[in-house]
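In the working numbering, the protein residues as written are 1 to 434. Glycine is no exception: its CB is placed at the ideal position from the N, C-alpha and C atoms. Okay, so here's the structure we're looking at.
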Amino acid sequence: MSHRKDRLLAEVRAYHREQESGGRFEPGVTEIWPSGAVLDANDRVALVEAALTMRIAAGSDCRKFESAFARRLGLRKAHLTNSGSSANLLALTALTSPVLGERRLRPGDEVITVAAGFPTTVNPIIQNGLVPVFVDIELGTYNATAEHVARAIGPRTRAISMAHALGNPFQAAEIAELAEAHGLFLVEDNCDAVGSTYRGRLTGTFGDLSTVSFYPAHHLTMGEGGCVLTSNMALARVVESLRDWGRDCWCEPGESNRCLKRFSYQMGTLPEGYDHKYIFSHVGYNLKATDIQAALGRSQLNRLDEFCAARRHNWRRLREGLDGLPHLLLPRATEGSDPSWFGFVMTIGPEAPFTTAELVAFLEERRIGTRRLFAGNLTAHPAYQGVEHRVSGTLTNSDIVTGRTIWTGVYPGLTDEMIDYVVTSIKEFVAARG
Ligand SMILES: Cc1ncc(COP(=O)(O)O)c(C=O)c1O
Numbered sequence: 001m002s003h004r005k006d007r008l009l010a011e012v013r014a015y016h017r018e019q020e021s022g023g024r025f026e027p028g029v030t031e032i033w034p035s036g037a038v039l040d041a042n043d044r045v046a047l048v049e050a051a052l053t054m055r056i057a058a059g060s061d062c063r064k065f066e067s068a069f070a071r072r073l074g075l076r077k078a079h080l081t082n083s084g085s086s087a088n089l090l091a092l093t094a095l096t097s098p099v100l101g102e103r104r105l106r107p108g109d110e111v112i113t114v115a116a117g118f119p120t121t122v123n124p125i126i127q128n129g130l131v132p133v134f135v136d137i138e139l140g141t142y143n144a145t146a147e148h149v150a151r152a153i154g155p156r157t158r159a160i161s162m163a164h165a166l167g168n169p170f171q172a173a174e175i176a177e178l179a180e181a182h183g184l185f186l187v188e189d190n191c192d193a194v195g196s197t198y199r200g201r202l203t204g205t206f207g208d209l210s211t212v213s214f215y216p217a218h219h220l221t222m223g224e225g226g227c228v229l230t231s232n233m234a235l236a237r238v239v240e241s242l243r244d245w246g247r248d249c250w251c252e253p254g255e256s257n258r259c260l261k262r263f264s265y266q267m268g269t270l271p272e273g274y275d276h277k278y279i280f281s282h283v284g285y286n287l288k289a290t291d292i293q294a295a296l297g298r299s300q301l302n303r304l305d306e307f308c309a310a311r312r313h314n315w316r317r318l319r320e321g322l323d324g325l326p327h328l329l330l331p332r333a334t335e336g337s338d339p340s341w342f343g344f345v346m347t348i349g350p351e352a353p354f355t356t357a358e359l360v361a362f363l364e365e366r367r368i369g370t371r372r373l374f375a376g377n378l379t380a381h382p383a384y385q386g387v388e389h390r391v392s393g394t395l396t397n398s399d400i401v402t403g404r405t406i407w408t409g410v411y412p413g414l415t416d417e418m419i420d421y422v423v424t425s426i427k428e429f430v431a432a433r434g
């Protein structure tokens, strides 16, 4: 490293120290965000270092992050994307690839998914001309059970695509077994659950494909970013092709002829020997991330264990602090799981002497941020009116969640003092109304 660069990066560390607020927590004044990025001096240095090197497109940092992250999850391949939503789009679209032969998903095929959650878990189903089959969730875990999924399987069902709700694993082992037994693909949206385990195994490792988001609210951040993971090498190739314009070639940027046959292919109705770099085997996108994002991701990855531990700690402190409180259904981990939580979810009881809006207003007044379980029942939103879908059973709990469920933060930027203030505030509110 040049002396000048050393000096610059040392300055960056000094600048970082200067920027750290170190301000004391003031109850009712300091914001208690529901989520946020936790960035340290190493992250700032990683970003500046990548900028100094002017690694502005996808390159070696992306590849290094992909290898390290795949290894971390015990999977063979990870492909970085520009968001978790793009990762979901790639994972679902990969299942429609002609490479899969008879198993490929075709327009009109059904994919089982959950009605109450984040829209871009579901959207790729619709965007690929497939039909979402919505199942309900349980209150408390906020996941669909294997039973819900089993009941939804019909003659046109070809895949299951679901998210681990706010970090709480769905019954991934049982649902993977169901998928196997019925010849269905399983996509795990692991965007909110990196580090969670179900029956001792990491979420994101049960499905044919899984996805992650690196938006600042998530367990690791790159600012924007996402990832598709799989151990199925055929699917990995498809994901890469779809991410990189649909190309058939798998050379890195700046690389040529890795396959040693660059000018010897004959594909489609192209002339023999057409440059493989420009042969397209999928109707693809460009959903790549950049090295600047990946440099931040590599730095963040060093803190994954610490971040997951903090999320568990904060969740437990809230759970114990609020235990026994009337009128609020407190969250519970899916049996057999150890969630790396995304948020602390509460559902207001039907007989509660207060409304969701009143509780939210009270907390927001105290600078305690709240969020909804994302969209709640998606089928109630304007975007989904008129979209072909099937509902299996009823969506009673999804509707309850839409009306009466909120969550507060557990992210690693929160201190015990903040968490205790959340606990006392909720207790005070309930006592005053009860
Ligand atoms: C479960 C789930 N899936 C997908 C996404 C989309 O991720 P991104 O914001 O990176 O597109 C989110 C975003 O929070 C999410 O919670």
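Residue pairing of Tyr198 in beta bridges, as defined by DSSP: Arg201, Ser337. With contacts defined as CB atoms closer than 7 Å, Val401 and Leu373 qualify as a contacting pair.
For Cys191, the shortest separation between its Cβ and any heavy atom of ligand 1 lies below 6 Å. Beta bridge pairing from DSSP links Ala116 with Asn377.
Contact annotation, Ala165 with Asn143: C-beta distance approximately 5 Å; criterion of less than 8 Å satisfied. Using a C-beta cut-off of 8 Å, the segment 92 to 110 makes contact with the segment 227 to 240, since at least three inter-stretch Cβ pairs fall below that distance. With 16 or more other Cβ atoms inside 10 Å of its own Cβ, Ile32 counts as buried.
Trp407 places its beta carbon 7 Å or farther from that of Arg433. At least one heavy atom of ligand 1 falls within 6 Å of the beta-carbon of Thr120. Contact between Arg366 and Gly28 holds: their C-beta atoms lie close to 5 Å from each other, under 8 Å.
Under the DSSP definition of a beta bridge, Gly343 partners with Gly409.
Inclusion of Ala173 and Arg199 in the CB contact set at 7 Å is warranted, their separation being smaller than that value. Between Arg311 and Ser340, the gap from beta carbon to beta carbon is short of 7 Å.
When Cβ pairs closer than 8 Å are counted between the two stretches, the segment 310 to 326 is seen not to touch the segment 40 to 58, the count staying below three. A straight line joining the alpha-carbon of Gly413 with that of His218 spans about 12 Å. When secondary structure is reduced to three states using DSSP, Glu110 falls in the strand class.
In the three-state reduction of the DSSP assignment, Val228 falls in the strand class. Taking 7 Å as the cut-off, the beta carbon of Ser213 is found closer than this to the beta carbon of Gly226. In the three-state reduction of the DSSP assignment, His313 falls in the helix class, which pools H, G and I.
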